[in-house]
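Asker: My questions all concern the structure below.
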Amino acid sequence: MLTGYVVDFEVMSKVCRHCSVAKNKLGQSSAKFSIWYEGHKSECDINHLGSSTSMEMEAALTLWKRSTSLGFRYITVLSDGDCKTFNYLCEKKVYGPDIVIKKEECINHVSKRLGTALRSTVKRLSCSRMRVRPYVKAVTPKCHGGPPVNRDRLNALPGSKARQRILEMHSVM
1 MLTGYVVDFE VMSKVCRHCS VAKNKLGQSS AKFSIWYEGH KSECDINHLG
51 SSTSMEMEAA LTLWKRSTSL GFRYITVLSD GDCKTFNYLC EKKVYGPDIV
101 IKKEECINHV SKRLGTALRS TVKRLSCSRM RVRPYVKAVT PKCHGGPPVN
151 RDRLNALPGS KARQRILEMH SVM
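Residue numbers (full-length UniProt numbering): 1 to 173.
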């Protein structure tokens, strides 16, 4: 169901500006910093240690677990092309073994990957003196004499038509 409303969110951080300033001012291994940190610990912004990928996976798991207390279940993951979070949620079986999680690709990320792949293919073929069809050259950047064109045009074409169809199918209010 597309509502246009934010249902839930989770803020995670690997850095704290106050800690960084105190480390520089007092020295991270000093006794003064240790005393300062004991008083600061409860309001420290750092709530994740690890990679950004693991942060995304943990945030998703937190949201999915919390959804039942809000009265619903997520059944679809909107992905940016990386399967790690999707696989992690499937592995954790948040709602039990019977609930199957689906994965959908974000049209913006798909469009960007498509445009990048097309541009690099055209550039590779054009630069190797192979013939590239004129309609493909028309939306690619200039390469050794090719026509200069707006780079964003290629990314806009595949995604904009798909976005338009999605909005027509689900009239968002």
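Think of the CB as a built atom: it goes at the ideal place given N, C-alpha and C, for glycine as much as any other residue.
The structure presented is a predicted model; accordingly, all values stated were derived computationally and were not measured.
1) Relative to the C-alpha of THR62, which residue among SER51, THR85 and GLY50 is closest?
2) Have a look at VAL11 and THR76 and give me their C-alpha separation to the nearest angstrom.
3) Quick one: measure Cβ to Cβ for ILE46 and CYS16, integer angstroms, because I've assumed they're closer than 8 Å.
4) Suppose you measure from the CA of HIS18 to the CA of LEU26; what does that come to, to the nearest Å?
5) When burial is assigned at 16 or more other CB atoms within 10 Å of the CB, is VAL6 buried or exposed?
6) In the region 59–129, which residue ranges form an unbroken alpha helix (DSSP H) of at least 4 residues, counting only runs that do not cross its ends?
7) Measuring alpha carbon to alpha carbon, tell me which residue in LEU78, SER69, ARG119 and GLY4 is nearest ASN108.
8) Go ahead and label ALA31 buried or exposed: buried means 16 or more other beta carbons lie within 10 angstroms of its beta carbon, across all protein chains shown.
9) Grouping DSSP H, G and I as helix and E and B as strand, with all else coil, what is CYS19?
10) Which of helix, strand or coil does DSSP assign to PHE9?
11) Determine the contact status of LYS14 and HIS48, defining contact as a CB-CB distance below 8 Å.
12) Under the three-state reduction of DSSP, which class applies to LEU49: helix, strand or coil?
13) Please determine, among TYR95, ALA117 and ARG124, the residue with the shortest C-alpha to C-alpha distance to GLY68.
Answerer: On the basis of the supplied data:
1) THR85
2) VAL11 and THR76 have their C-alpha atoms some 21 Å from each other.
3) 5 Å
4) Taking the straight line joining both Cα atoms gives about 12 Å.
5) Exposed, because fewer than 16 other Cβ atoms sit within 10 Å of the Cβ of VAL6.
6) 84–92 and 107–127
7) LEU78
8) exposed
9) helix
10) coil
11) Yes, they are a contact pair.
12) coil
13) Here residue 68 turns out to be Thr, not Gly, going by the sequence shown. Per the Cα distances, TYR95.
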